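If you read the sequences in order, they're chains G and X.
Mind the numbering: the first sequence is residues 849 to 1220 in the working numbering, read in order.
Mind the numbering: the second sequence is residues 314 to 918 in the working numbering, read in order.
So the structure is just underneath, and the comments pick up after that.
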Amino acid sequence: MSEPYVLPFAGVGRQDVGVAGGKGASLGELCRAGIRVPPGFVVTTAAFRDVAERLPDGGARAVEKRIAALDPDDHTTVAAVTASVRDLFTSAPLPQPLETAIRDGYAQLSERGLLDRHQGEAGPSPLPVAVRSSATSEDSADASFAGLQDTFLWVRGADDIVEHVRCCWASLYSVESVTYRLRRKLPEEGLAIAVVVQQMVDARCSGVMFTRSPLTGDRSVIVLEASWGLGSAVVGGEVTPDSWVVNKVTGEVLRRTISRKLHRHVADPSGRGVRVEDVPEGLQESPALDDAALRKLVAVGRAVERHYGAPQDIEWAWAAGDDQPFLLQSRPETVWSTRPAPPIATAAANPFDHVLALLSKPGARPGGEAPR
Amino acid sequence: MDTTAPRSFPLPSEIADAPGADGWQAMYPFFTRFQPEDDQRFWFYNAMHFPEPMPAFDAITAEIPYTAIGANSARVFVLPTTLGIEHRIVNGRVYITANPVTDPAEIERRLAEFQQRAGHYYGNWDAIYDAWKERMKGVIAQIEAITVPELPEFEDAAVVFETRGIAQNHYVRENYHRVLDLFSVMWHHHTEMLFLGYGAYLVFFDFCKKTFPEIPDQMVARMVAGIDVIMYRPDEELKRLARLAVECGVDDLFTDSGDPAKVLDALQDRGEAGRRWLDGLDAARDPWFHVSTGDGFYHHHLSWNDDLTLPFAALPRYIEQIRRGESLERPTQRLQQERDQITAEYRSLIASDEERAAFDQMLGLCRLVFPFVEDHKFYCEHWFTTRFFQKVREFGKLLRRFDVLEDADDVFQLQHYEVDQALADVMLAWASGGRPVGGSHLKPLVAERKRILEALKEWSPPPALGPIPEALNDPAVQMLWGITSETIQAWSAPTTDEREVRGFAASPGVVEGIARVLMNVTEIGELREGEILVCPVTAPSWGPVFGKIKAAVSDIGGTMSHAAIVAREYGMPAVVGTGQATKRIRTGDRVRVDGDRGVVQILDA
């Protein structure tokens, strides 16, 4: 075993995508930057690789070959083959040190007890966590690859966590993931996935935040979206969230759109898994964030952007009764950052050449409103 | 463009006389009348400068500025893509259009001239502006020195013994003409540097909007605006007078309901202390009370010196603040820091170093020209123009003395050309020993025009006339009025919400409150603490009452107007340039002012 199977967030940074996956590396990096994230650990790609090596019927090489041979347009075969690969991962025997590492990680996490326990529970019960796939290609060239692998919320108890870690591994061979890789001719060799196990935030509201305008690319604004309950409703597009455009320089709210938020994702009453419920009538049209919360999120967004030195795409959650948000993920914004943009203006020989140029253009459209 | 929008606004020829206003045409010179061929062109209502129907005399505030603006843009600086601005008056409202240059060869030819001429001004800006201030002070001194002959029974003996050889009725005409001529000189100087000043602002604005598509206009304005601006001085003088009142122990005389004349009388009775304060007042009045309560385009926009109501309305509040031990100082250091911080942060968000270099150049140029852009109004629209109207009013007094007019202010119901004739009548009568015949002719005319003016106030002018242009490419129109193709589209679209008034977002924040519509600054005493001021124009002279109100809404004004700047300093939401707030909102309405978006909503009427 050359690499550890499990690493705490504090043990990884942004350069560790190969070990911790994009999500894990990002959470580690945020921890190092002093940003508040729910505590947790990463089940590294080494764990996945060791499991894959030991799979029956020829191990990882055999799986690679079977997948690479598929025709993405042959849905029936893709479905059948990927299902059998997924079965291998969900039933494969785990190396004892790996199983121990995951169970120990969870035990330590439970002891830390940094977060309030789920409300309304009778007596101590196993700490709820999120088990999240953390793909190694997520933060690199292709951001849209993110989200193709599964995430499981409100998982409790060491047995369930181990089962869901397996499910995350298996989700690398979901029909969507495999089809995506085949169509883009991405190599199957060396493919790996890490898994993040992280204490669950019982989110009163959650959402996303872009530190530049997704519509115009404007770097002087932060755009926030928020809705009631867990973030899965916003990310999954199941509700129209409230949205705010905030001036990054002054903190002023430039636009505010409060939507009718009909559904929310909450913990299932059993304490395990998620269910969709109607938002109580009184809450549907109230803003999911007040101005104070908005300001705190903007401050966090700016801190993260400063830390990375580039605009970010952030997921966050806010627990009931908490006075600060938790960040669940931050990745570099990729749409505008990679778009070629010719300079709007460059220095002229004389500053007033800019004016001469503007006033010399027929049909010049300076727009806006001039002083009088 | 929305296909349901009309392709044309009403044609000028389709505009009927406003009800009850037949004969309005005689109030204005023939050259302001719409011509049949004007139907082919696009005109817009200059609500920014002329928000109400023009009294006959006041039409000079269109005639002379357009003489000067056009001369400077078309002939003096030879702007490449535009000539001058033409204006027409219909139902008392001033409509304008610009003459663009579209032929590329012609633009090229003009550009060569423009580059040299504008380059000379930009290259020597500070020296030229310093000299400009001195020249303008000279022009003001000249108009202040003009006298209106008294026309006594016997001419001053000096005319004989100093062998002057010219009787003073001659100077009635000469001095009246001097007043008009100096108004023209002022406007030539006013527009001499203005285009270049605005040009610098526009180019920076353009760059900021392209780099930060969502940057609020007011943020661009804040990066550019000066902190130490002459237009703050009148308000500063009021604060000084408030301190002096407390110091002298006469502060009890200043109350919310105080009539300035009575307060002045009471001060006389306070012996040495009262005298000290009155000396302080006298020191402040010249020149700092020569501020118009409007924008300098109407005779009834009086100065603080003409009417002390506004400055005296601001004093009780300042005195109260001093008693409570609050500081009245403008936090200039904080404002400076804020400006620098905003600038530095936007600068740091620019994508590349080469663009940052361009930003630095453009901002530097703006800051070079902005002292002129911000301060010229004090010299021109305020100090000079309030003096100008005072002089004309003095000629009105002469006409009243000779029983040609009922009232001195009636002179403003005559075209300036007609005033010439009325004065000639008086000059002749004084010479001949007869009676002026003007009274029987002019008194009914004035009465009729006052009636017409009232009727014209009821008319709602269309925002524009004539066919919608394919592209609006005149930099002059965009610079001075902020009118773009988008504006025109918005005008032609039907109003979506009757309970919404839109304007420029001039100062951020959202508040709700009770509206107080003040059409005239003399009504300022009605304003109650915490109300939302709704007025035709928030001129700088209204600034001192800003501390009393929750938000300001105006018909006229832009994000760079002084009122907008002051509102931002007070941290008070403001929406300006709505065009119609005083018409749509009534005193007592509950309104929500959204200074972030530039929208006023009428909640309960």
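Ideal Cβ placement from N, Cα and C applies to all residues, glycine included.
Because the structure is a prediction, the values reported are computed rather than measured.
- With a threshold of 7 Å between beta carbons, X:T524 makes contact with chain G.
- Selection X:A657, X:V542, X:M675 evaluated against G:A1197 yields X:M675 as nearest (Cα-Cα).
- The segment 521-539 of chain X makes contact with the segment 651-658 of chain X; the number of CB pairs closer than 8 Å reaches 3 or more.
- Separation of X:I663 and X:A596 (C-alpha to C-alpha, rounded to the nearest whole angstrom) is 49 Å.
- The Cβ of G:P1159 sits no closer than 7 Å to any Cβ of chain X.
- For X:Y442, no CB of chain G lies under 7 Å from its own CB, so it is not counted at the interface with that chain.
- Assignment of beta-bridge partners to X:R406 by DSSP yields X:V403.
- At least one C-beta of chain X is nearer than 7 Å to the C-beta of G:P1191.
- Pairing G:Q1047 with G:V1114 gives a Cβ-Cβ distance that is not under 7 Å.
- With fewer than three CB-CB distances shorter than 8 Å, the segment 810-824 of chain X does not count as touching the segment 577-597 of chain X.
- Exposed is the label assigned to X:A574, since fewer than 16 other Cβ atoms lie within 10 Å of its Cβ.
- Minimum Cα-Cα distance from G:A927 among the listed residues G:V1023, G:V1045, G:P1089 corresponds to G:V1023.
- With a threshold of 7 Å between beta carbons, G:V1069 makes contact with chain X.
- The Cβ of G:A1141 sits no closer than 7 Å to any Cβ of chain X.
- The shortest C-alpha to C-alpha distance from G:P974 to any of G:G888, G:R980, G:E959 is the one to G:E959.
- Between X:V888 and X:V850, the C-beta gap is not smaller than 7 Å, which leaves the two residues out of contact.
- Note that the C-beta distance between G:K1109 and G:S1075 is below 7 Å.
- Around X:L507, the same chain offers no residue with a beta carbon nearer than 6 Å, after the five sequence neighbours per side are excluded.
- The beta-carbon distance between X:A513 and G:V1203, rounded to whole angstroms, is 6 Å. This is short enough to meet the 8 Å contact definition.
- A straight line joining the alpha-carbon of X:P462 with that of X:W743 spans about 12 Å.
- Residue pairing of X:G709 in beta bridges, as defined by DSSP: absent, with no partner found.
- Close to X:Y435, with beta-carbon spacing below 7 Å, are these residues of chain G in chain order: F1200.
- X:M675 belongs to the set of residues whose beta carbon lies under 7 Å from a beta carbon in chain G.
- Look at the segment 818-844 of chain X: the residues with a C-beta under 7 Å from a C-beta of chain G are P821.
- A residue is called buried once 16 or more other Cβ atoms fall within 10 Å of its Cβ, and G:V899 is buried on that count.
- The DSSP-derived three-state label of X:T524 is helix.
- X:P600 and X:R546 have their C-alpha atoms roughly 10 Å apart.
- Just so you know, the alpha carbons of X:S773 and G:K1209 end up roughly 36 Å apart.
- For G:D1066, the neighbours in chain X by C-beta distance under 7 Å run, in chain order, F525, P526, E527.
- Residue-level contact check: G:E1100 touches chain X, since one or more beta carbons of chain X fall below 7 Å from its beta carbon.
- Around the Cβ of G:I1162, a 10 Å sphere holds 16 or more other Cβ atoms; the residue is buried.
- For X:G911, the closest Cβ of chain G is not nearer than 7 Å.
- For X:P342, the secondary structure class from DSSP, reduced to helix, strand or coil, is coil.
- Listed in chain order, the beta strand (DSSP E) elements of length 3 or more contained wholly in the segment 1126-1176 of chain G are 1160-1167.
- Using a Cβ distance threshold of 7 Å, X:I398 and X:I409 count as a contacting pair.
- Under a criterion of Cβ atoms nearer than 7 Å, the residues of chain G adjacent to X:F520 are, in order, I1192, A1193.
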